[in-house]
Every structure is written in structure tokens, then in C-alpha cells.
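The structure appears below as C-alpha cells.
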Amino acid sequence: MNPELPAAAAEFGATATRVFTAAALGGVDAARRAEAEPAERGAQVAGALRALGVDDLDPRADDEALAAAAALCEERERVALPYPLDAVRDRVDRGRPFAVVPEAGGRVDHGELFEEWRVSTLAGPATVAAPKGGALGSRLGPFVSDLAPVGDEGGSARAEVDLHLALTAWWLLGVGARAVELAVDHVSTRVQFGKPLSAFQAVQFQLADATVAVAGLRELAGFTLWRLSGAPGQARADVLALRVHALDVVRAVLRTSQQLHGAAGVCDEYDISVLTRHAQPALRLPWSAERTAAELAAAIAAEGFEGLFPHGRAPG
Amino acid sequence: MDFDLGDDAARLRARLRDLIAAHIAEDYLGAFTDDPADLDVSQRFCRILAEEGLLTVAWPTEYGGAGGSVWDQTVVREEMWAHHEPRGAQYMGLNWVGPAIMAFGSEAQKARHLPAIAAGEVIWCQGFSEPDAGSDLAALSTRAVADGDGWRLTGQKIWTSYAGMAQWCVLAARVGNGTRHEGITMFLLPMDTEGITVRPIASMLGHHHLNEVFFDDVWAGPGSVLGEVGEGWAVIRRTLAHERVGIARYARCERLLSALGRELAPEWDRLPPAVHAQWARALVEVRVARLLAYRAVHAQDTGAPADVPASVARIAFTSCDQHVAELLFQALGHESLEAGPGAPLHGAVEDHWRYAQAATVASGTIEVQRMIVSKSLLGGRR
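Protein chains in written order, with the numbering used here: chain A, 19 to 334; chain B, 267 to 648.
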């Protein structure tokens with residue numbers, strides 16, 4: 019029993035953080051610049067990722083690579099990096115990026131950055147889709163684009179779907195972890211009624227609950243990687259469980275962090291506001307939490323759920 | 267990264283389940299139901315566990331234990347709680363009174379108490395909380411005054427589990443006029459000592475769980491102090507470390523969620539889809555609670571600081587206990603009000619809901635756990 023990520027993966031994540039926060043990208047500033055100049059973001063970020071060795075990182079290669087990809091995803095979203103790192107990394111042989119979509123064609127974040135995508139619904143099969151029109155350009159979905167099916171790739175994408183769902187949950191973990199850090203920084207320095215906000219127990223307890231929630235998500239994210247690497251293609255309920263939990267935790271933690279920031283929580287000069295806005299596509303695509311929970315219940319009923327006691331099958 | 271507890275743990279789990287299947291009825295709901303026969307079942311089962319060497323799995327071999335790992339202890343904790351703690355009141359003696367005596371007891375205390383605890387022959391209660399010292403235990407005011415070669419104890423304890431059936435009590439009292447941690451001293455006292463009065467407190471938990479205990483000029487002999495006089499706080503801190511993670515509440519939650527599907531098999535599909543989704547989410551919450559408990563055990567295992575991970579785990583699995591209790595009631599509707607062998611899941615759902623109400627209070631409130639977590643988070647920045 020050892021719940022720690024391999025040291026090499028943790029080290030890779032730390033290197034990624036240094037790259038993402040270095041002057042060229044500037045942490046969350048990269049997201050701010052991308053919103054102002056969307057066309058520039060591809061070249062800007064892709065170069066940094068290439069230097070990091072992301073092109074050579076195949077999470078399907080072995081357990082270490084899978085863990086490194088997970089650590090990379092977490093670090094990516096700590097700064098709301100404006101690039102579909104997960105999709106690009108999931109592509110096969112540097113071909114089309116891959117995404118899970120709610121229905122054929124579908125809607126993906128950063129869709130317009132690539133000419134063609136390989137996409138799959140939960141049930142599959144994989145298809146080829148291309149962006150139609152530009153990005154939504156809205157505050158909550160600045161880079162979200164619609165795709166239209168353009169061809170049939172055939173074949174099941176089950177393992178890819180599971181991997182993609184697990185790794186997007188890892189980047190949601192990055193959002194949650196960063197949101198707690200930002201809240202801690204803010205309440206430690208913001209003085210009201212003559213003392214830092216952090217001196218108030220009402221604030222402390224909210225931070226404690228957010229910390230527990232993120233700690234739980236982190237353990238579940240690690241456990242799910244272990245299940246994925248032990249039984250690729252047979253961990254559907256596990257990845258859906260991780261996704262539904264990530265959605266539940268991160269929505270709540272972002273709300274807490276915004277609230278503790280006061281009015282600053284909705285101001286884009288504060289990172290929490292940009293992080294919250296840019297996390298919305300991952301919280302809604304390919305499905306909402308409720309739809310994911312329904313899919314999870316069906317998956318457990320059909321395939322069971324690892325635990326101390328048997329679950330599923332009988333109820334279904 | 268590896269979340270497998272290993273072959274030894276798997277074998278231990280299988281052995282415990284075999285013994286439970288052989289000696290504990292499917293509808294057993296613990297030692298403290300309205301049926302006194304359940305208490306006898308627990309006492310018989312403890313003797314069986316003792317004979318099998320499983321009662322003291324976690325104890326060092328020099329004290330007759332199996333020298334089991336923290337993961338073995340985890341398995342025991344999970345299987346016992348999942349199956350309604352068939353050790354009854356014994357877990358207190360095994361999990362922390364025994365280890366406290368090993369760490370701080372005199373040779374005479376060890377010789378007298380450890381074999382009896384290991385054999386499952388003696389029930390202990392713990393005299394900590396007082397009417398004005400609950401979460402703030404250091405505010406306790408029960409007094410110990412030197413009298414010849416012993417002590418005279420006067421004061422009141424409250425919420426004392428098993429006081430009405432215990433033969434022995436480990437009691438925290440204050441020597442001298444100090445405040446807070448100063449002067450707190452631990453005593454080992456036979457419960458039949460003159461001057462001790464136990465008054466049961468009626469509660470939704472059932473019999474034996476909550477009592478008041480009054481100490482009226484109670485004599486404690488020269489060999490009754492555990493550790494050094496005035497050093498009781500260190501005993502409390504050190505010994506509570508043996509049970510940092512606490513009860514494996516997630517294990518019973520998981521067993522009940524598993525059984526719910528079978529219980530409702532024909533009607534399951536007719537339940538509102540929202541209940542199915544809540545059931546799935548509850549399974550996830552239980553998994554998360556278990557993983558957080560394992561994180562705390564891992565910290566203990568590797569010598570890393572375990573206080574904060576243990577508090578994180580406790581917040582998760584005590585909340586989980588209450589969420590699962592409510593989900594089970596949502597699924598069963600009005601039938602959840604029924605108790606006894608004819609009720610859904612032999613009354614286990616009704617029993618679980620009642621017990622869950624105290625989960626976020628017993629052995630340290632969830633608020634105290636939140637204080638520990640936020641202190642670690644904010645450090646000197648509060």
C-alpha cells in the first residue's frame with residue numbers, strides 16, 4: 019500500500035509548474051492574454067509544451083507515464099493554461115487530438131485550434147469531427163467550439179474515453195487545489211474589523227472543509243489511476259466516480275474561494291475569477307454532474323464497483 | 267502507487283469474515299440492543315477471537331499480541347465495525363487502554379491488566395468528559411487529593427460509555443490547583459469502589475452508551491496512578507495516537523449500501539432516478555472516506571505526522587456516515603422508521619441512522635477536527 023505518486027511524476031509536475039509560471043507564459047496571465055488575443059495562444063503555449071517534452075509523453079506507455087500525465091494536467095489547470103493539453107496529449111501518434119463529447123460531433127474546449135478531432139461519446143465508437151464556426155467567446159466559455167462529424171473512424175475508444183475522463187479530473191483537481199491556496203493567501207492578508215479574515219472561525223471552517231474536499235479528491239484521483247493502470251478498459255465506473263466527485267468538489271471549492279475573496283472573487287485582476295471562469299467548460303463538458311451521476315449509477319449497476327463489499331449488478 | 271493492502275491483509279480479512287459468518291448471526295446489530303442476549307454473543311465472540319489470537323492482532327508480541335502492522339489493524343477495524351462491532355465494549359480496552367498501560371504502566375499494572383484485556387475478560391470505561399469539559403478536555407475539574415499513600419477522588423464524569431457494565435475505569439483527574447494541562451493525572455480504578463455511582467443517560471443510541479459517573483470521596487490506592495502524577499495530558503495524547511483514525515465508519519456504510527440493493531431488488535428500478543444517483547454518489551463518498559483513512563494510516567506507517575491526515579479523514583467519514591444514513595432513509599421511505607428483526611435489513615438501517623447522529627460528536631467533534639485542519643493550513647497567518 020503506497021498512495022504516493024511516483025517521484026518522477028511529481029518531479030515532472032513541478033517542472034511543468036516552473037514552465038507555466040515562467041515569464042513567457044506568466045501563470046494565469048497567459049489565460050488573460052489568450053482572451054484578449056485568442057489567435058495567439060496556440061503558438062504561444064504549444065512551444066512551451068514542446069520544450070517540456072509533452073509531445074513525447076504517452077500516458078498509455080506505462081504507469082509512470084500515466085502518473086506524469088496526471089501531474090501535468092493538475093499543474094496545467096492551476097494556471098488555467100489556455101490550451102487543450104489533455105486532448106493533445108491523448109492523441110494517437112501525434113494525430114488528431116481526442117475528446118469525449120456528449121453526442122456525435124459535439125462541443126469541446128479549444129475546438130477551433132485544430133482542423134480535425136477524434137471524438138467519442140461514452141458508448142463510442144470514435145468518429146472524426148471538425149470545428150464549425152468560431153469559439154463561443156463568452157465569459158464562461160471563451161474557447162468552447164462546436165464540432166460537426168466529418169467521418170467515421172470506427173472501433174471502440176473505450177480505453178481512450180476512460181483515460182481522458184480520468185485526466186480531465188486531474189486538471190479539475192488542479193483547479194480545486196489552487197482555489198484553496200488563493201483563498202488562504204487572500205484571507206491571510208485582507209484585514210477587516212482590525213484583524214485578518216483568517217482570524218475568524220467562520221472563515222477557518224470553510225477553508226477546512228474545502229481542504230478536506232480537495233484532499234479526498236486527490237486520493238480518489240490517485241486511486242483511479244491505479245485502477246486504470248491495473249485494468250485498462252475495465253474501469254468505467256471508476257472514472258465516472260472520479261469525474262462526478264471532481265465536479266461536486268471543484269464546484270463547491272470554487273464557490274467557497276470566491277466567497278472568501280469578497281468582491282475580488284468576481285474581478286478578473288484576481289486569479290480566482292479567471293480560474294473560475296475558465297474552469298466552467300471542464301465542469302460542464304461533456305456532461306453536467308447530474309448526468310454523470312446517472313451514468314455512474316448505470317455503470318455500477320452493470321459492472322459493479324470495487325470496494326470492501328460487492329456492489330451493483332443485483333440492483334440493476 | 268499501490269492501493270492493495272497486500273496478501274496478509276487479505277488473508278486476515280477472509281479469516282475474520284469466516285469467524286463472523288460462523289458465530290455472528292446475519293441480523294446481529296451489536297452488543298447494546300434491547301436484547302440482552304446480544305451482549306452474551308459479543309462476550310462469547312471475544313473469547314473466540316482471543317483463542318484465535320485475533321483479539322490482540324495489533325499488540326506487540328511481548329504482550330501476547332500478534333505484532334500486526336497498522337494495515338492489519340485497519341482490516342480488523344473495518345471488519346469489526348462493518349459487522350456491528352461484535353467485540354462490544356472490548357474495543358476500548360484493546361485499542362487504547364491496553365496500549366496506554368503498555369506505554370506508561372508499572373510492571374504490576376501490566377501484569378494485572380494486560381492479560382485480562384487480551385483475554386477479553388474485562389470491560390473498561392474511560393472517564394474523560396465532564397459537564398464543563400467536553401471538547402475542551404483540559405478544563406476538567408475532577409479532583410485528586412493525596413491521602414496517606416493514596417488519593418481521594420471527587421468529581422463528575424459524563425457521556426461515559428459502558429460505565430454501567432465496566433469493571434475498570436481509566437480516569438483523568440486533577441492534582442493540585444493548576445489550570446489547563448497542569449496536574450492532570452490518570453488513575454486506574456475498579457468500578458466497584460465505594461463512592462462511585464453510575465447513572466445511565468437515556469439516548470437514541472440505546473443501552474450502555476452514555477452514562478454519568480459520580481465520584482464521591484473515592485479511595486484510589488498507591489498503585490492506581492498510570493504514568494507520573496501530573497503527566498496525564500501526555501498519557502492522553504500519546505495513547506489517543508493509537509486510535510487516531512478512529513472507528514472505520516465507512517466500512518459499515520459500504521456494507522449497508524451493498525445490502526440495500528439486495529434488500530430492494532424488486533423495487534429498486536421503481537425508485538426515483540435521483541435516489542439511484544444519490545446511491546452512486548454515496549458509494550463514491552464512502553470510497554473517498556476510506557482512501558482518506560488509508561492516507562492517515564500510511565502517515566502513521568511511515569512515521570510522517572498523522573494528526574492532520576487523521577482529522578481530515580475523521581471529518582470525511584463522520585460526515586459520510588450521516589449522508590449515508592439519510593440516503594438509506596430516502597431509499598426506504600416510511601419503512602425506515604421500523605426497528606427490529608422485521609424491519610428493512612433486519613433493522614440495520616434504522617440502527618445506523620440513530621448511531622450516525624452522534625458520529626460528528628463522539629471522540630472529538632467535527633468542529634475540533636476543523637480547528638486542527640485550519641490551524642495547519644493557516645499556520646501563523648491566523
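Think of the CB as a built atom: it goes at the ideal place given N, C-alpha and C, for glycine as much as any other residue. Model, not experiment: these values are computed from the prediction.
Residue i versus residue j - alpha carbon distance
i        : j        : result
A/LEU190 : B/GLU387 : 52 angstroms
A/SER163 : A/GLY234 : 32 angstroms
A/PRO333 : A/PRO304 : The pLDDT assigned to A/PRO333 is 39, lower than 50, so where the model puts this residue is not dependable, and the model offers no usable value.
A/LEU238 : B/LEU271 : 16 angstroms
B/SER642 : B/VAL634 : 13 angstroms
A/TYR101 : A/GLY60  : 7 angstroms
B/GLY319 : B/GLU345 : 16 angstroms
A/GLU95  : A/GLY45  : 10 angstroms
B/PRO607 : B/GLY613 : 6 angstroms
B/GLU616 : B/TRP545 : 17 angstroms
A/LEU314 : A/GLY322 : 10 angstroms
A/VAL118 : B/ARG561 : 31 angstroms
A/VAL257 : A/LEU99  : 23 angstroms
A/ALA228 : B/ASP483 : 48 angstroms
A/CYS285 : A/LEU200 : 14 angstroms
A/ALA25  : A/ALA89  : 11 angstroms
A/ALA52  : A/GLU58  : 7 angstroms
B/ALA540 : A/ALA319 : 15 angstroms
B/LEU476 : B/GLY334 : 32 angstroms
B/GLY512 : B/ARG580 : 7 angstroms
B/HIS473 : A/ALA175 : 57 angstroms
B/ARG446 : B/VAL307 : 42 angstroms
A/PHE218 : A/LEU278 : 11 angstroms
B/LEU321 : A/ASN20  : 27 angstroms
A/GLU93  : A/THR186 : 12 angstroms
B/ASP300 : B/GLN623 : 19 angstroms
A/ALA281 : A/ASP289 : 13 angstroms
A/ALA259 : B/GLN356 : 37 angstroms
Nearest candidate by alpha-carbon position, reference residue i, set the options
i        : options                                : result
B/TYR428 : B/GLY414, B/PRO571, B/ILE467, B/VAL441 : B/ILE467
A/SER291 : A/ALA197, A/TRP188, A/GLY124           : A/ALA197
A/ALA184 : A/ALA220, A/LEU243, A/ALA231           : A/LEU243
A/VAL205 : A/VAL193, A/GLY192, A/ALA220, A/GLY159 : A/ALA220
A/ALA40  : A/GLY113, A/VAL97, A/ALA175, A/GLU287  : A/VAL97
A/SER4   : B/ALA287, B/MET637, B/ALA275           : Outside the displayed span of chain A (19 to 334) sits residue 4 of chain A, for which this structure offers no information.
B/GLU354 : B/ALA377, B/ASP338, B/LEU305, B/TRP485 : It is worth fixing the name first, because residue 354 of chain B is Gly in this sequence and not Glu. The shortest Cα separation from B/GLY354 among B/ALA377, B/ASP338, B/LEU305, B/TRP485 belongs to B/LEU305.
A/LEU272 : A/PRO143, A/ASN20, A/GLY192            : A/GLY192
A/ALA54  : A/ARG309, A/GLY251, A/PHE161           : A/PHE161
B/THR451 : B/ALA399, B/GLU494, B/CYS312           : B/GLU494
B/LEU526 : B/GLU396, B/SER469, B/PRO610, B/PRO571 : B/PRO610
B/VAL411 : B/GLY444, B/ARG521, B/LEU380           : B/GLY444
A/GLY251 : A/ASP180, A/ALA281, A/ARG236           : A/ASP180
B/GLY359 : B/ALA324, B/GLY400, B/VAL336           : B/ALA324
A/ALA64  : A/LEU84, A/GLU82, A/LEU43, A/ALA83     : A/LEU43
Bridge partners - residue i, DSSP secondary structure assignment
i        : result
B/ASP587 : None, per the DSSP bridge assignment.
B/ILE462 : B/PHE481
A/VAL146 : A/ARG136, A/GLY169
A/CYS91  : Its beta-bridge partners do not exist; DSSP assigns none.
A/PHE116 : A/ARG136
B/ASN443 : Paired residues: none, contrary to the question.
B/PRO456 : B/TRP434
B/GLU396 : B/ALA399
B/ALA412 : B/TRP417
B/TRP390 : B/TRP434
B/ASP268 : A/ASN20
A/ARG125 : A/ASP164
B/THR451 : B/ALA439
Distance between beta carbons of residue j and residue i, contact taken as under 8 angstroms
i        : j        : result
B/LEU471 : B/TYR621 : 6 angstroms
B/GLN596 : B/ALA625 : So it is not a contact: roughly 18 angstroms between Cβ atoms.
A/ALA122 : A/ALA148 : Rounded, the Cβ-Cβ distance is 13 angstroms, inconsistent with contact.
B/LEU406 : B/PHE453 : With 8 angstroms as the limit, B/LEU406 and B/PHE453 do not qualify as a contact, their Cβ atoms being about 12 angstroms apart.
Near the ligand ADP: residue i beta-carbon under 7 angstroms from a heavy atom
i        : result
B/VAL552 : The ligand content of the structure shown is nil, which means the ligand ADP is not present either.
Validate contact between the region 412-421 of chain B and the region 361-378 of chain B using beta carbons, cut 8 angstroms, 3 pairs: Taking a cut-off of 8 angstroms on C-beta distances, the region 412-421 of chain B does not touch the region 361-378 of chain B, as fewer than three cross pairs fall below it.
Stretch pair the region 116-128 of chain A + the region 74-89 of chain A: three plus CB contacts closer than 8 angstroms: With a cut-off of 8 angstroms, the region 74-89 of chain A and the region 116-128 of chain A do not count as touching, because too few Cβ pairs lie within range.
The region 328-335 of chain B touching the region 366-385 of chain B, judged by at least three CB pairs closer than 8 angstroms: These segments touch.
Contact the region 250-270 of chain A vs the region 535-551 of chain B: 3+ CB pairs below 8 angstroms: The region 250-270 of chain A makes contact with the region 535-551 of chain B, as at least three CB pairs between them are under 8 angstroms.
Validate contact between the region 333-343 of chain B and the region 274-284 of chain B using beta carbons, cut 8 angstroms, 3 pairs: Between the region 333-343 of chain B and the region 274-284 of chain B there are three or more inter-stretch CB-CB distances shorter than 8 angstroms, so the stretches are counted as touching.
Three-pair Cβ contact test at 8 angstroms for the region 494-503 of chain B versus the region 424-443 of chain B: The region 494-503 of chain B, when compared against the region 424-443 of chain B, does touch it at the 8 angstroms Cβ threshold.
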